[in-house]
Amino acid sequence: MASKRYVANNRDSLLIILALPEKRQASIEFIPGYSLRREGYFITSNETLQQALEEDARFGKKYRLAEIDGMLIEEYNARKALGLKDKSVEKEGQTEKSFKTVQQARDWLNREHNIPFTVLGNKARITEKACELGFQLTFETDQNNQEE
86 MASKRYVANN
96 RDSLLIILAL
106 PEKRQASIEF
116 IPGYSLRREG
126 YFITSNETLQ
136 QALEEDARFG
146 KKYRLAEIDG
156 MLIEEYNARK
166 ALGLKDKSVE
176 KEGQTEKSFK
186 TVQQARDWLN
196 REHNIPFTVL
206 GNKARITEKA
216 CELGFQLTFE
226 TDQNNQEE
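All the letters of the sequence shown, read from the start, carry residue numbers 86 to 233 under my numbering.
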């Protein structure tokens with residue numbers, strides 16, 4: 086069951102009433118965003134709600150789908166088009182690239198491969214992007230922790 090994040094278009098918050106199957110209704114509140122993501126958002130893994138949200142006439146106008154399982158929708162669709170079903174990527178035939186810190190790897194991906202910092206939010210995403218480019222990343226901090 087995928088977790089989906091919907092965002093209100095150019096609004097801090099949004100409240101809508103959705104028609105659900107069996108003549109039921111649901112009140113959906115898009116809570117105010119934070120930091121750079123100021124648009125209101127609503128996250129659910131309930132497939133009935135997801136289907137109702139995406140079939141609603143306001144979908145695409147008042148609100149949109151932004152993320153699936155923590156991946157931006159554009160990245161998710163690109164992975165799906167490449168036939169990658171989950172976040173795991175084959176490691177065979179990749180070039181190993183070593184960095185002292187995760188931040189150095191992040192800077193390298195941005196500088197050398199024009200990957201935006203917004204896509205490189207954490208170590209998992211940094212490693213995933215490197216794998217997509219054919220690199221297997223290693224970090225000195227990881228090796229030091231394993232030796233202890």
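C-beta: ideal position from N, C-alpha, C; glycine also.
Proximity to residue i [Cα-Cα], best of the options
{"i": "Ala93", "options": "Phe127, Ala166, Leu103 and Arg109", "result": "Phe127"}
{"i": "Gln189", "options": "Lys146, Leu167 and Thr212", "result": "Thr212"}
{"i": "Lys214", "options": "Gln136, Lys108 and Tyr161", "result": "Tyr161"}
{"i": "Lys185", "options": "Phe202, Lys208, Asn199 and Pro201", "result": "Lys208"}
{"i": "Gln221", "options": "Leu194, Arg210, Asn195 and Ser183", "result": "Ser183"}
{"i": "Glu107", "options": "His198, Leu134 and Gly155", "result": "Leu134"}
{"i": "Thr180", "options": "Ile113, Thr223 and Leu150", "result": "Thr223"}
Three-state secondary structure (DSSP) of residue i
{"i": "Ala87", "result": "coil"}
{"i": "Thr212", "result": "helix"}
{"i": "Leu218", "result": "coil"}
{"i": "Glu175", "result": "Any answer about Glu175 is weak, because its pLDDT of 43 lies below 50 and its placement is not dependable; what the coordinates show is given next. Reduced to three states, the DSSP call for Glu175 is coil."}
{"i": "Glu232", "result": "Confidence at Glu232 is low in this model, with a pLDDT of 46, below 50, so its placement is unreliable and the value that follows should be read with caution. Glu232 falls in the helix class under three-state DSSP."}
Environment of residue i [buried if 16+ CB atoms lie within 10 Å]
{"i": "Glu124", "result": "buried"}
{"i": "Glu140", "result": "exposed"}
{"i": "Tyr91", "result": "buried"}
{"i": "Lys146", "result": "exposed"}
{"i": "Lys165", "result": "exposed"}
{"i": "Ile200", "result": "buried"}
{"i": "Glu159", "result": "exposed"}
{"i": "Leu100", "result": "exposed"}
{"i": "Leu81", "result": "Shown here, the chain extends from 86 to 233; a query on residue 81 therefore has no answer."}
Host alpha helix (DSSP H) of residue i (start-end)
{"i": "Leu205", "result": "Element bounds for Leu205: n/a, residue is neither H nor E."}
{"i": "Asp192", "result": "Val187 to His198"}
Endpoints, the beta strand (DSSP E) within which residue i is located
{"i": "Thr180", "result": "Thr180 to Phe184"}
Heavy atom of the ligand ZN within 7 Å of residue i beta-carbon
{"i": "Glu132", "result": "This structure simply doesn't include the ligand ZN, nor any ligand for that matter."}
Cutoff 8 Å: residue i Cβ touching any chain E Cβ
{"i": "Pro106", "result": "Among the chains in the structure shown there is no chain E, since it carries only a single protein chain."}
Item to check | beta strand (DSSP E) runs wholly inside the region 104-172, at least 3 long, in chain order | outcome: Taking only runs of at least 3 residues, the beta strand (DSSP E) segments lying wholly in the region 104-172 are 109-115, 126-129 and 148-153.
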